[in-house]
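All remarks here apply to the structure that follows.
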């Protein structure tokens with residue numbers, strides 16, 4: 248696929264994405280180009296330095312300054328091309344799904360675009376129905392509908408997108424199909440009911456997203472405000488609310504809690520619950536309808552493990568249902584009932600126990616090939632691995648046991664053959680910030696949209712592979728992990744200008760610290776020149792600038808490693824580094 252075949256506006260969008268997200272952007276001008284064979288590997292989209300391109304900058308020729316971001320760039324391209332197609336369709340007066348349905352069926356049926364399957368997985372069969380029906384009929388299930396009646400069972404994203412009234416493919420339909428909560432909010436998310444406090448604590452703006460109000464918190468050159476109502480301040484030397492209840496250390500406004508306590512002020516007893524569950528949704532007043540027409544209703548106490556507001560699918564409200572619910576991040580998942588039901592079908596009622604006495608978090612760094620940590624790693628009660636890191640052939644260096652596999656985006660697991668093992672518990676999360684500022688330059692999403700896209704991907708993967716033991720990271724927990732990252736970063740760079748985001752290793756380490764009494768980190772180091780201990784086309788080498796704490800527009804690996812070293816020195820009984 249040559250960039251000459253792509254609309255110029257989309258080429259510029261791809262280039263801009265590379266300059267915002269590839270680690271080499273700090274030292275090189277980058278361009279997104281599709282390489283079919285120069286790397287002697289599978290064809291892929293990559294971000295290339297100008298020096299490695301042909302004189303007309305259209306094709307890759309030489310050099311090793313690049314980063315492979317195939318799935319991400321395909322998604323950016325899909326969004327751009329589909330947006331352009333929708334605009335052209337709108338201009339031509341083709342916004343009605345009924346007009347598309349009335350077209351005569353074609354004699355042959357298939358996909359005309361290479362990325363049809365990926366686009367379908369992002370829900371574009373419904374959101375851009377005219378274009379997708381024309382160009383991606385097979386991925387959207389149109390071919391099967393022309394030849395056979397639909398089968399029963401859990402619908403895939405593509406199949407559900409093609410439902411009877413064709414899901415009103417226009418944006419107007421999206422706006423009118425937003426759900427309401429099964430119970431009303433006791434008070435506005437932006438301000439308490441008495442109105443005494445300013446909206447968003449006077450430290451943010453109140454914006455509408457999916458029919459609800461949410462606070463978009465302020466950030467300046469020296470401080471950042473966080474929390475559902477922007478009521479907590481992160482800044483160098485900032486105090487923590489309630490002095491962390493005497494059960495934690497204050498780090499620039501964020502509480503690092505002792506083991507057995509959690510919450511923004513360390514006042515909640517027990518381990519945090521990092522996984523999304525039905526109980527959390529029900530407690531937040533987020534109900535759903537199952538395929539039989541029943542529903543889950545709010546009420547009861549979250550996390551009890553028993554009847555949480557009545558069994559999902561039973562229908563009707565329990566007699567002791569509260570009259571209203573407090574604002575919660577979980578209300579971001581309130582969606583049209585059929586969409587929510589598909590996600591809920593893949594969630595546990597309550598979180599399974601994750602805790603272990605000792606936990607190993609194994610990085611993918613090249614330094615591990617120079618270490619023999621295998622037996623030491625396997626001696627831990629639980630072992631976390633990140634983004635499909637293999638063990639076969641590397642047992643002497645990284646061990647052979649795996650308890651939890653963390654993957655940071657659903658495209659990584661669309662086909663299970665890409666996973667090095669399928670017998671472990673799969674924890675599915677993302678590294679993009681849960682809340683995206685509205686109308687930001689080059690911003691593909693607003694609000695919690697990207698989190699919902701990842702949730703849809705998780706639901707589809709589990710629906711296709713019902714034997715997979717898979718879980719999805721909770722939105723509220725992700726926010727807390729980001730807040731910890733922001734607190735440690737606040738002295739290093741301006742909160743307002745920062746584009747940094749925590750890596751998968753950061754989130755897994757935070758998760759382990761919450762549920763494990765002793766955490767050991769293996770290989771969190773950039774000492775070796777190879778980025779990974781195994782063969783990988785992503786970020787093949789470590790360059791000297793990457794070892795600087797400030798390096799990186801997105802992931803700042805050296806900074807994260809320094810944070811872990813400081814935490815290990817402050818609480819050696821809880822965290823140990825083996826680099």
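Numbering (the numbering used here), first residue to last: 248 to 826.
We put the beta carbon where it would ideally sit given N, CA and C, even for glycine.
Computed from a predicted structure; not experimentally measured.
In the structure shown, residue 265 falls within a helical segment according to DSSP collapsed to helix, strand and coil.
Counting of Cβ neighbours within 10 angstroms places residue 646 among the buried residues, the total reaching 16 or more.
For residue 750, the CB contacts under 8 Å within the same chain, skipping 5 residues up- and downstream, are 678, 802, 804, 807 in chain order. Every unbroken stretch of the beta strand (DSSP E) spanning 3 or more residues and falling wholly within the region 721–807 is given here in chain order: 763–769. For residue 454 and residue 472, the gap between their C-alpha atoms comes out near 16 Å. In this structure, residue 505 and residue 494 form a Cβ contact; the two beta carbons are roughly 5 Å apart against a cut-off of 8 Å. Going by C-alpha positions, residue 481 is about 36 Å away from residue 295. Residue 613 holds the alpha-carbon nearest to the alpha-carbon of residue 782 among 428, 498, 613. Residue 813 sits exposed, since fewer than 16 C-beta atoms from the chains shown fall within 10 Å of its C-beta. Inter-segment contact for the region 610–626 and the region 732–744 is absent: fewer than three beta-carbon pairs are separated by less than 8 Å. Taking 7 Å as the cut-off, the Cβ atoms of residue 604 and residue 764 count as close.
Look at the beta carbons and you see the region 317–325 not touching the region 295–308: under three pairs across the two are nearer than 8 Å. Taking the Cα of residue 276 as reference, the smallest distance to any Cα among 253, 298, 724 is reached at 298. In this structure, DSSP gives residue 293 an extended state, which the three-state scheme calls strand. In this structure, residue 510 lies away from residue 734, with their beta-carbon atoms at least 7 Å apart. Between residue 315 and residue 293, the C-beta gap is smaller than 7 Å, which places the two residues in contact. Here residue 328 is actually not in contact with residue 358; their C-beta atoms are around 14 Å apart, not less than 8 Å.
In the three-state scheme derived from DSSP, where H, G and I count as helix and E and B as strand, residue 811 is classed as helix. One thing to note: residue 606 has its Cβ within 7 Å of the Cβ of residue 766. Within the model, the alpha-carbon separation for residue 634 versus residue 444 is close to 44 Å. Secondary structure in the region 452–483: the beta strand (DSSP E) runs of 3 residues or longer, each lying completely within the stretch, are 459–464, 470–473, 479–482 in chain order. Scanning 489, 521, 683, 498 for the CA closest to the CA of residue 514 turns up 489.
For residue 664 and residue 724, the gap between their C-alpha atoms comes out near 29 Å.
Scanning its chain for C-beta atoms nearer than 6 Å, with the 5 sequence neighbours on each side dropped, one finds around residue 608 the residues 631, 755, 756, 759, 768, in chain order.
Around the beta carbon of residue 595, fewer than 16 other beta carbons sit within 10 angstroms, so the residue counts as exposed. Under the three-state reduction of DSSP output, residue 711 falls in the helix class. Listed in chain order, the non-local C-beta contacts of residue 762 below 8 Å within the same chain comprise 518, 519, 521, 601, 602, 603, 606, local neighbours out to five positions each way being set aside.
Scanning 512, 770, 432 for the CA closest to the CA of residue 610 turns up 770. In this structure, residue 272 sits away from residue 280, with a CB-CB distance that is not shorter than 7 Å. In the DSSP annotation of this structure, the continuous segment of the alpha helix (DSSP H) that includes residue 526 starts and ends at 525–530. Fewer than three pairs of CB atoms, one per stretch, sit closer than 8 Å, so the region 789–799 makes no contact with the region 578–590. Annotation: residue 590 is outside any beta strand (DSSP E); the continuous alpha helix (DSSP H) that includes it extends over 584–591. For residue 823, the uninterrupted beta strand (DSSP E) run begins and ends at 822–825, by DSSP. When DSSP states are grouped into helix, strand and coil, residue 323 belongs to the helix group. Assignment of residue 696 by DSSP, reduced to helix, strand and coil, places it in the helix class.
In its chain, beyond the 5 residues on either side, 520, 522, 524 have a beta carbon closer than 7 Å to the beta carbon of residue 598.
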